[in-house]
Ligand code: HEM
């Protein structure tokens, strides 16, 4: 397994009002991330509304049962396309490395917040990489099984027995991706200073040094010193 932690185009260290700031996501990646987030939330709410009778009241948010059923697959197409673009930008930086194996073997230290005992990590730690790949996997399964049961266009070409299996796999994947989503949002809030990576696009030098030191070191070693700073 290679041990190359990747730095992405646009990642850079600079000084902002006397403080070290590190570029983590450009505007296009951030807009895309929030389109992805909004479409997954809309999908989850509209999907749950159709999934269980006591949640049917949620269809009111989309203008009733008929509209919810009609809109749900389109939210899915938006999610698939936006995540696909995001995937193309990020997959290399999420490839597993030897550091990840060590990080996972010290999961007790991760949960206890003993970060000083963990190996230095690159742009993403093994937990983030796990979330990335599981989201990619479940989104793929959801779009394939979703298309198979999309009554308006494709379902008439799929045998009913196959549609039943597809729906079961679709529902199980939906429940699992909602769990992954909760984990992702929890981690983004739990690790203080992370949210601004996806709002402002930058993190502080302290955040980068503390949580992603290998990435920070790599950026620092590449940096030309600007005499104006
Ligand atoms: C309201 C919900 C969400 C919040 C608050 C949120 C927040 C964040 C934040 C702060 C980051 C930057 C983390 C970092 O760079 O260390 C991030 C990255 C990311 N988010 Fe979200 N996110 C949300 C929803 C989603 C959804 C629904 C998806 C996908 C279906 C998603 C996929 C990703 C991916 C793939 C990354 C890059 C991390 C990686 O490549 O390992 N996010 N998110």
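Numbering (this note's numbering), first residue to last: 17 to 245. Backbone N, C-alpha and C define an ideal beta-carbon position, used for all residues, glycine too.
Cβ-based neighbour list, residue i, same chain, cut-off 7 angstroms, excluding 5 preceding and 5 following
{"i": "residue 214", "result": "41, 46 and 49"}
{"i": "residue 103", "result": "152"}
{"i": "residue 96", "result": "155 and 159"}
{"i": "residue 132", "result": "none"}
{"i": "residue 135", "result": "115, 118 and 119"}
{"i": "residue 58", "result": "91"}
{"i": "residue 209", "result": "219, 220 and 223"}
{"i": "residue 207", "result": "227"}
Span of the beta strand (DSSP E) around residue i
{"i": "residue 75", "result": "No beta strand (DSSP E) holds residue 75; DSSP gives it neither H nor E."}
{"i": "residue 220", "result": "218–220"}
Cβ pair residue i, residue j closer than 9 angstroms
{"i": "residue 137", "j": "residue 231", "result": "yes"}
{"i": "residue 56", "j": "residue 65", "result": "no"}
{"i": "residue 98", "j": "residue 52", "result": "yes"}
{"i": "residue 191", "j": "residue 182", "result": "no"}
{"i": "residue 67", "j": "residue 187", "result": "yes"}
{"i": "residue 116", "j": "residue 141", "result": "yes"}
{"i": "residue 27", "j": "residue 184", "result": "no"}
{"i": "residue 220", "j": "residue 31", "result": "no"}
{"i": "residue 101", "j": "residue 77", "result": "no"}
{"i": "residue 105", "j": "residue 24", "result": "yes"}
{"i": "residue 157", "j": "residue 189", "result": "yes"}
{"i": "residue 217", "j": "residue 69", "result": "no"}
{"i": "residue 278", "j": "residue 29", "result": "Residue coverage of the chain in this structure runs from 17 to 245, which leaves residue 278 outside it and unanswerable."}
Range covered by the alpha helix (DSSP H) that runs through residue i
{"i": "residue 234", "result": "229–238"}
{"i": "residue 177", "result": "176–206"}
{"i": "residue 38", "result": "Run containing residue 38: none in the alpha helix (DSSP H); it sits in the beta strand (DSSP E), 35–39."}
{"i": "residue 215", "result": "211–215"}
{"i": "residue 52", "result": "43–67"}
{"i": "residue 161", "result": "142–164"}
{"i": "residue 31", "result": "No alpha helix (DSSP H) contains residue 31, which is instead part of the beta strand (DSSP E) from 28–32."}
{"i": "residue 251", "result": "The shown model of the chain, from 17 to 245, leaves out residue 251, and the question about it has no answer."}
{"i": "residue 128", "result": "123–128"}
Contacts around residue i, its chain only, beta-carbon distance under 6 angstroms, and the 5 residues preceding and following it disregarded
{"i": "residue 247", "result": "Since the first and last residues shown for the chain are 17 and 245, residue 247 lies out of range."}
{"i": "residue 94", "result": "55"}
{"i": "residue 36", "result": "221"}
{"i": "residue 74", "result": "61 and 65"}
{"i": "residue 202", "result": "none"}
Contacting residues, own chain, Cβ-Cβ under 8 angstroms from residue i (five flanking each side not counted)
{"i": "residue 200", "result": "147 and 151"}
{"i": "residue 211", "result": "204 and 205"}
{"i": "residue 165", "result": "171, 174, 179, 182, 183 and 186"}
{"i": "residue 225", "result": "232"}
Please determine if the segment 115–123 and the segment 82–90 are in contact, where contact requires at least 3 C-beta pairs separated by less than 8 angstroms.
no
Across the segment 150–166 and the segment 193–203, are there enough close Cβ pairs to call them in contact, namely three or more that are closer than 8 angstroms?
yes
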